[in-house]
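Residue numbers (my numbering), protein chains in the order written: chain A, 3 to 255; chain B, 5 to 251.
Heads up, the beta-carbon is just placed ideally off N, CA and C, and yes, glycines get one too.
Since we're looking at a predicted model, the values are computed, not measured.
The structure appears right after this line, and notes come after that.
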Ligand SMILES: Nc1ncnc2c1ncn2[C@@H]1O[C@H](COP(=O)(O)OP(=O)(O)OP(=O)(O)O)[C@@H](O)[C@H]1O
Ligand SMILES: [Mg+2]
């Protein structure tokens with residue numbers, strides 16, 4: 003009973019908020035080109051979905067490609083750092099620097115250097131997304147219980163056996179936490195990169211549609227694109243959360 | 005089985021953990037290492053296991069045969085099982101690391117599960133087991149590679165009194181039947197007196213051998229209640245009082 007109430011609460015809240023929004027806009031006669039109501043936005047989506055849906059797909063493709071790259075790079079770096087303190091000392095400061103430098107500042111360079119537009123977007127988004135995977139996985143690997151490491155050594159385990167049978171499984175929960183954060187960051191990264199790239203040759207993503215709509219003052223269409231981004235973010239976050247639960251249950255039960 | 009010859013260990017941090025440890029351990033002895041916290045008992049076990057090297061002195065193995073991987077079984081204070089593996093797979097680990105296939109190892113796993121009284125819990129995850137059961141799995145894991153030397157670092161310290169007595173009984177029986185050499189670290193005078201055939205008492209840090217007591221207690225039911233046991237406990241207590249710095 004209580005659980006159902008908790009599940010329904012966000013939906014009910016959404017409906018109430020949307021109604022209030024629609025009510026306010028209608029009552030105050032706010033013109034739709036300043037603040038559109040939910041109905042205007044839905045109407046904009048219904049007229050433009052043939053343009054908006056492919057744009058969303060394009061942005062999501064960049065997002066998932068970036069998440070894959072970020073996972074591969076993040077895990078590989080974390081494993082190398084765990085294996086070699088020297089490598090960690092050499093790479094860690096640079097990884098942090100890459101993380102704290104605003105992507106908006108780096109993106110124009112990358113777009114200039116990488117001529118293939120899709121790859122340029124993926125590189126930008128990966129730079130934003132890889133850090134949580136790197137730092138969480140590294141923390142997990144570093145927390146591998148010493149006694150178990152000793153036990154493996156006593157039984158003559160190879161480095162690879164320690165990695166695959168002990169360190170990686172014990173770092174799995176940390177990795178999955180990192181992955182969940184990186185999933186939404188990859189979306190942010192993809193959109194930021196699209197914004198910076200603008201119409202420079204590969205005008206296909208949602209960000210470009212938002213820019214385009216803002217030039218033309220098609221405010222409801224802009225909002226429709228924003229809603230699509232917001233929903234995508236939530237879905238990615240929830241899906242990775244589900245993956246986390248399923249994988250951990252599979253590992254532990 | 006092996007001799008410690010003036011073995012000392014000073015850690016990189018400057019901590020002098022062991023000083024001048026000399027002792028001969030014969031095959032089949034059950035040695036209890038008894039001493040105050042921080043006197044280097046764990047360090048000594050790690051030296052024997054080859055996890056640390058002595059800073060001076062040496063460990064000389066009988067016939068110069070340094071144990072191969074798997075010939076030493078190690079049991080830690082915590083069961084240190086892998087939470088994502090069930091009891092059988094945790095026990096299988098040492099064989100798996102040696103490249104022995106599961107089907108080949110299965111009869112051995114089943115036998116050892118039965119030996120530690122966990123035949124019905126092969127598929128249970130560590131989380132679903134009690135503290136005593138987890139320690140049994142840990143001991144089974146140490147036994148599966150048929151080690152000639154068993155090193156145990158306060159394995160029963162975290163268990164309740166009832167469980168501890170059961171496991172002590174079982175370990176003592178196992179030792180009598182198998183004739184394995186066991187080095188058993190403990191804080192408990194009672195545990196040392198009950199289990200061991202020889203008790204090495206260590207002084208506070210840096211650890212030195214303060215006393216080396218050979219025991220003769222009756223085996224079986226009356227071991228824990230015999231007058232010999234009580235007087236042994238008294239002897240050890242007196243020794244501890246003598247070596248501990250006062251005030
Ligand atoms: N890896 C290490 N590096 C530096 N110092 C260490 C290390 N391991 C242990 N020591 C120190 O060496 C001393 C002996 O430690 P050890 O763990 O061998 O004692 P112990 O007798 O097992 O103690 P306890 O009964 O508390 O387990 C302690 O002062 C400890 O702090
Ligand atoms: Mg210790």
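CB contact check: residue i to chain B, cutoff 7 Å
i, result
"residue 171(A)", "yes"
"residue 163(A)", "yes"
"residue 253(A)", "yes"
Short Cβ contact (7 Å threshold) for residue i with residue j
i, j, result
"residue 153(B)", "residue 160(B)", "no"
"residue 135(A)", "residue 76(A)", "yes"
"residue 158(B)", "residue 190(B)", "yes"
"residue 35(B)", "residue 204(B)", "yes"
"residue 140(A)", "residue 80(A)", "yes"
"residue 238(A)", "residue 227(A)", "no"
"residue 91(B)", "residue 146(B)", "no"
"residue 1(A)", "residue 82(A)", "The shown model of chain A, from 3 to 255, leaves out residue 1(A), and the question about it has no answer."
"residue 197(B)", "residue 163(B)", "no"
"residue 188(A)", "residue 65(A)", "yes"
"residue 228(B)", "residue 202(B)", "no"
"residue 16(A)", "residue 27(A)", "no"
"residue 180(A)", "residue 196(A)", "no"
"residue 221(A)", "residue 35(A)", "yes"
"residue 247(B)", "residue 207(B)", "yes"
"residue 185(A)", "residue 242(A)", "yes"
"residue 121(B)", "residue 167(B)", "no"
"residue 54(B)", "residue 183(B)", "no"
"residue 126(A)", "residue 107(A)", "no"
"residue 253(A)", "residue 65(B)", "no"
"residue 240(A)", "residue 143(A)", "no"
"residue 155(B)", "residue 38(B)", "no"
"residue 185(B)", "residue 5(B)", "yes"
"residue 133(A)", "residue 101(A)", "yes"
"residue 158(A)", "residue 73(B)", "yes"
"residue 187(B)", "residue 144(B)", "no"
"residue 50(A)", "residue 218(A)", "no"
"residue 225(A)", "residue 43(A)", "yes"
Min CB distance residue i to chain A below 7 Å
i, result
"residue 78(B)", "yes"
"residue 241(B)", "no"
"residue 55(B)", "yes"
"residue 88(B)", "yes"
"residue 42(B)", "no"
"residue 153(B)", "no"
"residue 73(B)", "yes"
"residue 48(B)", "no"
"residue 98(B)", "yes"
"residue 84(B)", "yes"
"residue 101(B)", "yes"
Ligand 4 heavy atom lying under 6 Å from the CB of residue i
i, result
"residue 59(B)", "Absence of ligand 4 from the depicted structure is noted, with ligand 1 and ligand 2 being the only ligands included."
* Pull every residue with its beta-carbon under 6 Å away from any heavy atom of ligand 2, and keep them in chain order. => 45(B), 46(B) and 157(B)
* Interfacial residues, the stretch 127-160 of chain A to chain B, with Cβ spacing under 8 Å -> 147, 149, 150, 152, 153, 154, 155, 156, 157, 158 and 159
* Asked: Counting pairs of Cβ atoms below 8 Å between the stretch 58-70 of chain A and the stretch 117-135 of chain A, do you hit three or more?
  -> yes
* What residues in the stretch 213-239 of chain A have a beta carbon less than 7 Å from any beta carbon of chain B? -> Answer in chain order: no residues at all.
* the stretch 219-228 of chain B contacting the stretch 74-83 of chain B, beta-carbon criterion three pairs below 8 Å -> no
* Counting Cβ pairs closer than 8 Å, one from the stretch 212-221 of chain B and one from the stretch 7-25 of chain B, do we hit at least three? -> yes
* Asked: Can you find at least 3 beta carbon pairs, one from the stretch 147-167 of chain A and one from the stretch 84-99 of chain B, that sit closer than 8 Å?
  -> yes
* Asked: Pairing CB atoms from the stretch 89-109 of chain B with CB atoms from the stretch 37-56 of chain B, are three or more of them under 8 Å?
  -> No, because fewer than three Cβ pairs between the stretch 89-109 of chain B and the stretch 37-56 of chain B fall closer than 8 Å, the two stretches do not touch.
* At least 3 beta-carbon pairs within less than 8 Å: the stretch 13-22 of chain B vs the stretch 46-63 of chain B -> yes
* May I ask you to list, following chain order, the residues of the stretch 147-178 of chain B that have a beta carbon less than 8 Å from some beta carbon of chain A? => 149
* To do: Please list the residues of the stretch 212-237 of chain B that have a C-beta atom closer than 8 Å to any C-beta atom in chain A, keeping them in chain order.
  => none
* In the stretch 129-145 of chain B, which residues sit with their C-beta less than 9 Å from some C-beta in chain A, listed in chain order? -> 129, 131 and 145
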